[in-house]
Ligand code: DGJ
């Protein structure tokens, strides 16, 4: 990878084998002009020939210069009020009430590797050879402010990471009201926008729409990234498929209110921006202080959506997730939520755990209901001490009994919340997020603690620490079940109320950081009523996330398919649950439930003591199977083959890095009578390797499997008579195919 700077023409070219990114300094105004982002092109001493200027009816920056309208020049980090009328990437209000900025190029520096971001999660390098960072410093002399635009290009990844930092070098405070992490002006609008939309129990549904003139956006103003949108969008060309064609991905390493906005202007220029949502945001930047924006990870792929996804998977699995669990096999867990809800005692828990152990599970997770007087969802959040009626030996005693059974033990917390009936609320009623003189709205009978305040984070840390110190806890499920309302903090000055949502998320990150520092071997799984905070920001702390409260295998096909657009299988929390399913009441075969859940972190969430002997045998086989295959599933390359949003047949597969092994999941939602023949072309195999398909006992070269495919229909050659006695698979059937290299 290289960052080339032509000092004379003031041009910057970041490139590696796969991508190029080019911008320059405008001669007169010293602002930055964007020239190109896309497939790698050869470096040239100058790219001035890419400058496009037309004289159009417009306002121009300089008298007599009819081509100095910023509206008609592709911008690098656009500003408001100086001839560009499109939405800007940043906005400031200063001490005279002006909203104009004019950040002009001052200097640059190139840093080997990738600097960390203070107090914010970000991707990283382990060796400075892995990436290089370009920092551009701009100065607004009226505002007495510096702006640093940061670009990291990885050597062997089609990734450019961006963030910005505002510094106040003057004597007066000013207010930041918009601080995008990245902005790109593309010269045309021939794109479709893909994003992940949803709601509780149906997260991460893939949405695709052709760009139109004007603004299209995804966002959250809920205090969390939300069920409704994921902080990710992609622009794909019309002919881009899963495996071919161009796509640009934008993913924000952030967990709070965000905005991803695409504006197509009247000349068909497409401006993409991503960052903290400016709605509700106003940050007072005092003299000498700086403001750091979150990181936006931009991926360019010319190998289709799947190519983009694989880049995100590898980066987020190995250079965003951190710590003890990053590269380790994750335990197969059993969670008691759908097994018991709030209704359990130690005996019940231990009986599930004992059976779980016998069936091959490795970690027991005690979900909601173990503390205070929590018998339903109306009480006790914040009273983080065990309910002795349910658990006479406390969490400590239970965790010891778990260890004695040979099971690891995990515990559910919802650290950011409080219920009215608790000691915590009684002692600190002013710690909730609420606006004075206005009624606080309810969500699941609970309030949000004001994590923008240090003393609140400290207090919750000490409550959790008290439990963790004395017990043997190897896993924490960190839940978050309501959005923010009446946002206001008694800990912030009147003119700083617009800082609350961002400070809140910084408080959440701080608590994670403190817990990880003290308990580095605890595996965290983040959760927010399912997938409302499935985002890259939290993957930095919790390498896995509960993808959805919907555990139905058929619904999960869509949810996991959508989630896989950005997130690696090693992060996707997926469980086998009971039938009829608790969310949609559907009855699916236990094989299919496992065949879907294998493509994630894998676990169980049902009362396994109630399974029949036959089902228990199946579960035993499943846990054994997953233990054999989990390395391949977490480390291999994931390929989406058949799309559940478009078809009754769904398929995906994982190929090992050495391409010697692969696992293919094939799912048929509804059974069909007298159906057509099916061939399923595979991906990512070595065309010259000979593979044995375990389930078929047949061997095939990779080229055949990728170009012709696996023949999916049953083969009745020479046994046509058996047709009448065959077992019909029925609705929701599935098959797993295992491929292994063999030698003739
Ligand atoms: C919502 C989570 O998504 C569920 O898995 C469960 O932990 C409940 N909260 C508990 O209240």
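Numbering (the numbering used here), first residue to last: 435 to 1178. We put the beta carbon where it would ideally sit given N, CA and C, even for glycine. All figures in this text were calculated on a predicted structure; none of them were measured in a lab.
Check residue i in the structure and name its three-state DSSP category.
i, result
"residue 766", "coil"
"residue 856", "coil"
"residue 530", "coil"
"residue 580", "strand"
"residue 898", "helix"
"residue 964", "coil"
"residue 1005", "helix"
"residue 664", "strand"
"residue 818", "coil"
"residue 930", "helix"
"residue 447", "strand"
"residue 714", "coil"
"residue 726", "strand"
"residue 1162", "coil"
"residue 734", "strand"
"residue 477", "coil"
"residue 679", "strand"
Would you mind reading off the limits of the alpha helix (DSSP H) that contains residue i?
i, result
"residue 782", "780–792"
"residue 1026", "1024–1031"
"residue 1034", "Looking at the DSSP string, residue 1034 is not in any alpha helix (DSSP H), and its letter there is neither H nor E."
"residue 1225", "With the chain represented from 435 up to 1178, any question about residue 1225 goes unanswered, as that position is not in the structure."
"residue 1126", "No alpha helix (DSSP H) contains residue 1126, which is instead part of the beta strand (DSSP E) from 1124–1127."
"residue 1062", "1047–1069"
"residue 973", "970–973"
Here's the rule I'm using: 16 or more other beta-carbon atoms within 10 Å means buried, otherwise exposed. How should residue i be labelled?
i, result
"residue 530", "exposed"
"residue 1080", "exposed"
"residue 1117", "buried"
"residue 966", "buried"
"residue 882", "buried"
"residue 1129", "exposed"
"residue 985", "buried"
"residue 750", "buried"
"residue 598", "buried"
"residue 565", "buried"
"residue 765", "buried"
Any heavy atom of ligand 1 closer than 7 angstroms to the CB of residue i?
i, result
"residue 912", "no"
"residue 961", "yes"
"residue 831", "no"
"residue 846", "yes"
"residue 592", "no"
"residue 804", "no"
"residue 915", "yes"
"residue 1034", "no"
"residue 818", "no"
"residue 864", "no"
"residue 964", "yes"
"residue 983", "yes"
"residue 810", "no"
"residue 801", "yes"
"residue 1158", "no"
"residue 980", "yes"
"residue 1086", "no"
Give the range of the beta strand (DSSP E) segment to which residue i is assigned.
i, result
"residue 468", "466–473"
"residue 651", "648–653"
"residue 454", "453–459"
"residue 544", "538–546"
"residue 910", "909–912"
"residue 628", "626–631"
"residue 602", "593–602"
"residue 1171", "1167–1176"
"residue 1021", "Where residue 1021 is concerned, there is no enclosing beta strand (DSSP E), given that its DSSP letter is neither H nor E."
In the DSSP assignment, what residue or residues form a beta bridge with residue i?
i, result
"residue 990", "In DSSP, residue 990 forms no bridge with anything."
"residue 617", "707"
"residue 1113", "1145"
"residue 799", "769, 844"
"residue 875", "Residue 875 pairs with nothing; no bridge assigned."
"residue 565", "588"
"residue 1086", "1074, 1099"
"residue 805", "820"
"residue 639", "631"
"residue 744", "DSSP lists no partner for residue 744."
Quick check: is the beta carbon of residue i nearer than 8 angstroms to any beta carbon in chain D?
i, result
"residue 678", "Among the chains in the structure shown there is no chain D, since it carries only a single protein chain."
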